[in-house]
Amino acid sequence: MPKLGVNIDHVATLRQARGTVYPSVQDAAACCERAGAAGITVHLREDRRHIQDADVYALQKALSIPLNLEMAVAEEIVRIALDVCPVEVCLVPEKRAELTTEGGLDAAGTLATLGPVVARLRDAGIIVSLFIDPDEAQIDAALAVGAPVVELHTGCFCDTQGDAAEEELARLIQAAKYGARHGLRINAGHGINMGNIAEVMRVPHLDTLNIGHSIIARAVFVGLEAAVEEMRVAIESVT
Ligand code: PXP
């Protein structure tokens, strides 16, 4: 049964929209924890559009469930990660103009820069995950740089329908099997909501599903604790 990791970036989006001190990301994380989330994810973007440095430090101090820090392979952020020492980091590609992370990390094309960063994070005792497209070459690259975890990008699957969606799901299933066979822990995330969670659950070997936007959006109507609970129950009820 996959665990639910909740991405609370968009609680900070709401706060940053007005430059207020509310809503508190720490209170949001506590709600998620009470509702049975297994971990909290935040993405400290280079442009600091939502999560701020102080949020990351405060969460790492306050949380009793693991903090997963999403981050670009950028020296400034790597140094913060090494200082904060979250349980896990997930390395993602980042573009200034994007609305959200658009594709997976090109691990295969950036082995030389990625390898030393993964090594530094691992030496600090941090579990390193790579956010990649469901592609065997990218999984081979994760193995080559010594990342023990991959997060498969479910965005293409979640954004398509019909035959195209079936093809994307088949790619995810194949990548998960390939990665697990080679000893990697398999996470998945991006674009997952209550309407597609049952299909995503067809992917084998899932350790953790990282879900953000749809849960925060649902929380507007039912509250954050209930929204997290709904998703957790949806995951648990797929057999
Ligand atoms: N996983 C990664 C690596 C991401 O970049 C994101 C988006 O920040 C998510 C999961 C969560 O995606 P969503 O907000 O679409 O649920």
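Sequential numbering from 1 applies to the sequence shown in this note's numbering.
Where is the CB? At the ideal position from N, CA and C, for every residue including glycine.
As the structure is a computational prediction, the values presented were derived from the model and not from experiment.
- Here DSSP, grouped into helix, strand and coil, assigns T113 to helix.
- With a cut-off of 8 Å, the C-beta of I235 is classified as distant from the ligand PXP, since no heavy atom of the ligand falls inside that distance.
- In the structure shown, R49 adopts coil according to DSSP, grouped into three states.
- D27 has its CB no nearer than 8 Å to any heavy atom of the ligand PXP.
- When the beta-carbon positions are compared, G5 and A38 come within less than 9 Å of each other.
- The alpha-carbon of I186 is positioned some 6 Å away from that of E151.
- C85 and G125 do touch by the CB rule: their CB atoms are close to 7 Å apart, below 8 Å.
- Under the DSSP assignment, E88 falls in the beta strand (DSSP E) whose first and last residues are 88-91.
- Here the region 15-31 makes contact with the region 49-63; the two share three or more CB pairs at distances below 8 Å.
- With 16 or more other Cβ atoms inside 10 Å of its own Cβ, H50 counts as buried.
- DSSP, read as helix, strand or coil, puts T41 in strand.
- Using a Cβ-Cβ distance cut-off of 8 Å, the region 118-135 and the region 70-84 are in contact, since at least three pairs of beta carbons, one from each stretch, lie closer than that value.
- According to DSSP, R185 shares a beta bridge with V149.
- For the options A17, D135, D9, G195, the alpha carbon positioned closest to that of T160 is the one of G195.
- Under the three-state reduction of DSSP, D9 is assigned to helix.
- DSSP, reduced to helix, strand and coil, places I211 within a strand of the structure shown.
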